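The structure appears right after this line, and notes come after that.
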Amino acid sequence: MDDIYKNNWRAPFLITILSAYFYAFMEWLFFVTKPSSLAILTPFEKLEVLFITGGVVALLLLVGVAVIWLLTRRAKNPKWKVLAYIPSAFILAVTTLILFDNFTYTVFKFGVTSSGGVFRAVYALGFLIVFWRMVLFAQRTALRLPKFASTLTIGLLTVSTAGILATFFSLNPSPNSDSPTASTDLPDIIILGGDGLSATYMSMYGYSQETTPFLEQLTETSLVAENAFNNASSTTASTTSALTGKEPILTDVLRYPDILSGNDSFEHLPGILKRYGYHTVEIGVPSYVDAVKLNMLDGFDIVNNQSLNRPASALLRKVLGNAPPTYFIQTITERVSERLFHIFYIREMNNPLAGVTSPKSRMSDAEKKDQIIQLMDEADRPLFIFAHFMDTHGPEFSSPFQVFSNGPIKDNKRWSVAHYKDALLSYDASVREVYEYLEQTGKLDNTILVIYTDHGYGYAMNHRIPLLIHFPGSTPAGTRTNNVQVLDLPVTLLDYLDIPTPAWMVGTSMLGDEPPADREIFAIKTGSPKRITPPFHKIKIVQLTVCQKWYALNVQENEWRSGMAARHTSTCESDMLPTDEEARQRILEYLEQHGYDISSLQEESE
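As structure tokens, this is what we get:
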């Protein structure tokens, strides 16, 4: 037996390589068969992701094998060389944990993320048992590998290395390589986004009940859009528009888990502000309002309480750039670390879905407000804070107040309007506390305070939404009566700061003249992830808003609807409004302009 250990020094290297590719393949298969950033890639790009990921994982593990092998090379007892199988055993144990978690969560709706207390220890003990069994399994299997295993591993590494080198030599310089001189004279910017706010229910927009009493006062000294509309029904897509000034159809970020890619990853407001010296912070919701998950690069310094100063990720980007394999490797690495940290009681794992559906499972709005104040207290340079408050997120609303609702908050009915109005009061109170802090500390006259939302109540796109900007010195102030949209926000902020607006931002500044009364505003609603099929893939509805009228085409069912936005304050005469036929044609042109095949819609309508 000792001779077997001595003469099979290649064995741990071979089994480690095969284990790495097995792990990469199983994760790749999971993501490529469900809605993800991989699902929309071409077949060649998908294979490229697989082989580059397998190669990177294998090379990293081989370093560990080589170190262990060198340390145990001169051991008197050859059986110490079993330690060289630790890297392969670890990756096999990790693969087992991930596969088991995928299965239990998919079939039984429980897994690592939902485990707590002693059950975390059960997972940890199970992982250690599997790890030790995998050490023995890897050793036995490696010593019995067929002769072609060497050829297979060399072939896999050759293909992967070719892919890595091709990606490396095709890298383009970062579009943000040229930075302006940083300035400390710029004002702080605080964007206080509230989820699902509809102007119809807000007293700042004339609602009969006092749901937003402080915001109602704030309108007197702020620039207010009377008729603003969102560009997407989903939070991820809408917040992306608010940060990039781009339409969702341009970035192809229509819902979570869509990501930015190519230059889109670098083209955004926080990236511009960071290069001008801002300390940039996102206080959102893990996964759904999360610049890391969105693949928004070189923008935020801190996202959801996590610093983005990550040397390993920076090194990976230097080698592979902003290519799909880079994001995939980061994603699967995070999946492993989240689960291992959770079961070994190092850090609790977030459940993204619970974070948006259960108020008890997420950071409260009060905590977010306190974090904003703390950041302001500690700031030594201009601050840009993009916060997303969740008390007003449906269908279960949250509020410390009970003014409009009957019964305890825990008895919420789904989409209860009464509880929604209480949640509006909660949001209004959070804004008031931030404002009063700024006022008391003398920071108000050096802060831009923005009130906005991602979409209307019930994910609506045809409701007017709030958009208010309070500038230092309360100027400029007043109203914009013609239609504006969420993606006008970053352009407006850059205009005020006298920072050149990049050509890729398609919004219009609110500081100039009124936009045209018949301005066209497009918005997109996505459908069920199970219905992602050509020719429209994720898109379910495309909506066009002109003046007070909205037109909506369901491209999956070829159904048409139109109607009037409630309480619109700048109505147009009927001759300024497109007919339904004209609006439908405009929507078809919009889709065709962005590369969608509209032939099925044209054929059915004829």
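In our numbering, the protein residues as written are 825 to 1430.
Don't be surprised by glycine CBs; every beta carbon is placed ideally from N, CA and C.
Values in this document were obtained by computation on a predicted structure and should not be read as measured data.
Secondary structure note for residue 1243: it is in no beta strand (DSSP E), and the uninterrupted alpha helix (DSSP H) holding it is 1241-1264. Between the segment 1270-1281 and the segment 1053-1060 there are three or more inter-stretch CB-CB distances shorter than 8 angstroms, so the stretches are counted as touching. If you ignore the 5 residues before and after residue 923, its C-beta comes within less than 8 angstroms of the C-beta of 850, all in its own chain and listed in chain order. Counting along the chain, the unbroken alpha helix (DSSP H) around residue 1117 starts and ends at 1115-1118. Counting only runs of at least 4 residues, the segment 1088-1134 fully encloses the following alpha helix (DSSP H) elements, listed from N- to C-terminal order: 1093-1099, 1115-1118.
Within 10 angstroms of the beta-carbon of residue 857 lie fewer than 16 other beta-carbons, which makes it exposed. Residue 1146 counts as buried, since no fewer than 16 other beta carbons sit within 10 angstroms of its beta carbon. The C-beta distance from residue 1316 to residue 1335 rounds to 6 angstroms, short enough to fall under 8 angstroms. Residue 1158: not part of any beta strand (DSSP E); member of the alpha helix (DSSP H) spanning 1148-1167, first to last residue. Residue 1074 sits away from residue 1211, with the two beta carbons spaced by 8 angstroms or more.
Cα atoms of residue 1303 and residue 1371: separation of roughly 16 angstroms, rounded to the nearest angstrom. Counting C-beta atoms within 10 angstroms of its own C-beta, residue 953 has fewer than 16 neighbours from the protein chains shown and is therefore classed as exposed.
Residue environment analysis places residue 1421 among the exposed positions, since fewer than 16 neighbouring C-beta atoms fall within 10 angstroms of its C-beta. Closest by C-alpha distance to residue 1186, out of 1214, 1208, 1196, is 1214. About 22 angstroms separates the beta carbon of residue 1328 from that of residue 1117, a gap too long to meet the 8 angstroms contact definition. Taking the CA atoms as reference points, residue 1181 sits about 8 angstroms from residue 1218.
Residue 1377 sits in a strand when the DSSP states are folded into three classes. Spatial neighbours of residue 925 in its own chain (CB-CB distance under 6 angstroms, excluding positions within 5 residues in sequence) are listed in chain order as 935, 936.
Three or more Cβ pairs drawn from the segment 961-970 and the segment 831-847 lie within less than 8 angstroms of each other, which places the two stretches in contact. Residue 1363: member of the beta strand (DSSP E) spanning 1363-1370, first to last residue.
Taking each of 1131, 1155, 1121, 1159 in turn and checking the Cα distance to residue 1142, the smallest one comes out for 1121. Secondary structure at residue 1309: strand, using DSSP grouped into helix, strand and coil. Sequence-distant partners of residue 1362 (beyond 5 residues in either direction) whose C-beta falls short of 6 angstroms from its own C-beta, in its chain, are 1078, 1350, 1356. Residue 958 counts as buried, since no fewer than 16 other beta carbons sit within 10 angstroms of its beta carbon.
For residue 1383, the three-state secondary structure derived from DSSP is strand. In the DSSP assignment, residue 987 falls within the unbroken alpha helix (DSSP H) covering 972-993.
Its Cα nearest to that of residue 1221, the residue 1241 stands out among 1241, 991, 1193, 1401. For residue 1208, the enclosing beta strand (DSSP E) covers residues 1207-1213. Under the DSSP assignment, residue 1012 falls in the beta strand (DSSP E) whose first and last residues are 1012-1018. By the Cβ-count criterion, residue 895 is exposed, with fewer than 16 other Cβ atoms from all chains shown falling within 10 Å of its own Cβ. For residue 1276, the beta-bridge partners assigned by DSSP are 1017, 1291. Between residue 988 and residue 879, the gap from beta carbon to beta carbon is short of 8 angstroms. Annotation: the continuous beta strand (DSSP E) that includes residue 1303 extends over 1302-1304.
Taking 8 angstroms as the cut-off, the beta carbon of residue 1374 is found no closer than this to the beta carbon of residue 1306.
Taking the CA atoms as reference points, residue 1403 sits about 36 angstroms from residue 1091.
By the CB criterion at 8 angstroms, residue 1224 and residue 1250 fall inside the cutoff.
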